[in-house]
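Counting with my numbering, you get residues 2 to 244 for the letters of the sequence shown.
For every residue, glycine included, the Cβ atom is placed at its ideal position computed from N, Cα and C.
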Amino acid sequence: MTLPESHAHLWWARPERFTDPAELARYRGMLTDDERMKTDRFRFERDRHTCLITRVLVRTTLSRYCDVLPEQWRFRANDHGRPEILEPASPLRFNLSHTNGLVVCVVSHDREVGVDVESLERMGHWLDLAERYFAPREAAALRRLAAEQQPARFLEYWTLKESYIKARGLGLAIPLADFSFDLPAGSPDDIAIRFTRAIDDASSRWQFSLERFGAGHLIATAVERNASGSVCVTLHEAVGPLV
Ligand SMILES: CC(C)(COP(=O)(O)OP(=O)(O)OC[C@H]1O[C@@H](n2cnc3c(N)ncnc32)[C@H](O)[C@@H]1OP(=O)(O)O)[C@@H](O)C(=O)NCCC(=O)NCCS
2 MTLPESHAHL
12 WWARPERFTD
22 PAELARYRGM
32 LTDDERMKTD
42 RFRFERDRHT
52 CLITRVLVRT
62 TLSRYCDVLP
72 EQWRFRANDH
82 GRPEILEPAS
92 PLRFNLSHTN
102 GLVVCVVSHD
112 REVGVDVESL
122 ERMGHWLDLA
132 ERYFAPREAA
142 ALRRLAAEQQ
152 PARFLEYWTL
162 KESYIKARGL
172 GLAIPLADFS
182 FDLPAGSPDD
192 IAIRFTRAID
202 DASSRWQFSL
212 ERFGAGHLIA
222 TAVERNASGS
232 VCVTLHEAVG
242 PLV
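This is the structure in C-alpha cells:
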C-alpha cells in the first residue's frame with residue numbers, strides 16, 4: 002500500500018472480532034518479550050486481548066507500507082511515553098488509541114500525528130473536569146449549552162485535546178488549559194486550535210478531524226500540515242486475520 006506524503010491513514014479494528022485461537026497464538030508470537038509482559042499484566046482478559054490486538058494492529062499497519070515483517074519492528078518510548086519506531090529506520094510515524102470495543106492507529110509519512118478514541122458510554126461523568134482542566138473559554142462555551150448537549154460536547158473537546166497532546170508526543174505535560182478549540186454548533190469540519198503564550202506552537206500547523214464512529218465512539222485526529230497545505234485523512238478497516 003502506498004502512503005502519499007499528503008495523506009494519513011487511520012486504521013481501525015474491533016478487538017472482539019478476533020477470536021480464532023490459532024490466529025491469536027500467532028499474533029502473540031509477533032510480540033517482543035516486553036510487549037508480551039505488558040499484555041499479560043492486565044488483570045482482565047478483555048484488556049489483555051485489546052492490548053494484544055493493539056500491538057498487532059500497529060505492527061501489521063506499518064508493514065503494509067514497506068518491506069518489513071510485522072514482527073521485525075522495534076519501538077522505543079519517547080520521554081513522555083509515546084511509542085516511536087526504533088528499527089528499521091523509517092519515515093513512517095504513527096500513534097494509537099484504544100478503548101472499549103475499538104482500537105485505532107493513525108500512520109503518516111514523516112509528519113506528526115495523534116489520535117484519540119473515546120467511548121460515548123463514558124459521557125456524563127466528566128463535566129466538572131472541564132471547569133478544572135479545560136481552557137476557561139471552553140468551559141464557558143460548555144456552560145452556555147443546554148444541559149443535554151453538554152456531555153457530548155465535553156467529550157468532543159476532550160477527544161480533540163488528547164489528539165493534540167498525543168501528536169506533540171508530550172501527553173499531559175501540556176496543560177489542557179493552555180490551548181483551546183473553537184467548535185461550531187453541529188458537526189464541525191473546520192476545527193481551529195488556539196494557544197496561550199505558554200505554548201510554542203502555531204495553529205496553522207495543525208489539521209484536526211472529529212467524527213462519530215458507529216453508535217458508540219468518537220475519534221479525533223491531529224495531523225501536522227506542511228507547506229503544501231491540507232492532509233487527506235482516510236479510514237481503513239483492519240479485518241482479520243491481520244497476518
Ligand atoms: C497517555 C495519554 C497520551 C493518552 O492516554 P489515554 O487517552 O488514556 O489512552 P489512549 O488509548 O488514547 O492512548 C494510549 C496510547 O497512546 C500512546 N502514548 C503514550 N504516551 C504518549 C504520548 N506522550 N504521546 C502520544 N502518544 C502516547 C501509547 O501508544 C498508548 O498506548 P499503549 O500504552 O497501549 O502503547 C495521556 O494523554 C494520558 O495519560 N491521558 C490521561 C487520560 C486521562 O486521564 N483520562 C481520564 C480523563 S478524566
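Can you find the residues in the same chain that come closer than 6 Å, C-beta to C-beta, to R94, ignoring five residues on each side of it along the sequence?
S109 and V114
Quick check on the DSSP output: the beta strand (DSSP E) that includes V57 runs from which residue to which?
No beta strand (DSSP E) contains V57, which is instead part of the alpha helix (DSSP H) from E46 to S64.
How would you label P16, buried or exposed, when you count the other beta carbons within 10 angstroms and need 16 or more for buried?
buried
Can we say the region 160–169 touches the region 208–220, given the rule of at least three CB pairs closer than 8 Å?
yes
Figure out for me which residue from C67, L103, L70 and E119 has the closest Cα to the Cα of T55.
L103
Mapping the DSSP letters down to three states, classify P5 as helix, strand or coil.
coil
From the DSSP output, in three-state form, read off A199 for me.
coil
Output needed for D117: all residues of its chain with C-beta closer than 6 Å, excluding positions within five of it in sequence on either side, in chain order.
S98, T160, E163, S164 and A221
Per-residue burial, F180 [other beta carbons within 10 Å of its own, 16 or more giving buried]
buried
Assuming P89 contacts V57 under a Cβ cut-off of 8 Å, what Cβ separation, rounded to an integer in Å, is found between them?
The Cβ separation is near 18 Å, so there is no contact.
Starting from the Cα of L53, find the closest Cα among R144, G230 and P22 and give me that residue.
P22
Of all the alpha helix (DSSP H) runs that stay within the bounds of the region 126–190, which reach a length of 4 or more residues?
128–134, 137–145 and 151–168
Any heavy atom of ligand 1 closer than 7 Å to the beta-carbon of T40?
no
Nearest-angstrom Cα distance between E36 and A141?
42 Å
Closest residue to S91 among A78, W74 and N101 (Cα-Cα distance):
W74
Excluding the 5 residues flanking F43 on each side, which residues of the same chain have their C-beta closer than 7 Å to its C-beta?
R49 and C52
Compare the beta carbon distance of Y158 and E132 with 8 Å and say whether it is the shorter of the two.
no
Just to confirm, does N96 get its C-beta within under 7 Å of one of the non-hydrogen atoms of ligand 1?
yes
Distance check for N101 and F45, CA to CA, integer angstroms please.
12 Å
Are the Cβ atoms of G170 and R83 separated by less than 8 Å?
yes
Leaving out the 5 sequence neighbours to the left and right, which residues in its chain are closer than 7 Å to Q151 when beta-carbon positions are compared?
L128 and L143
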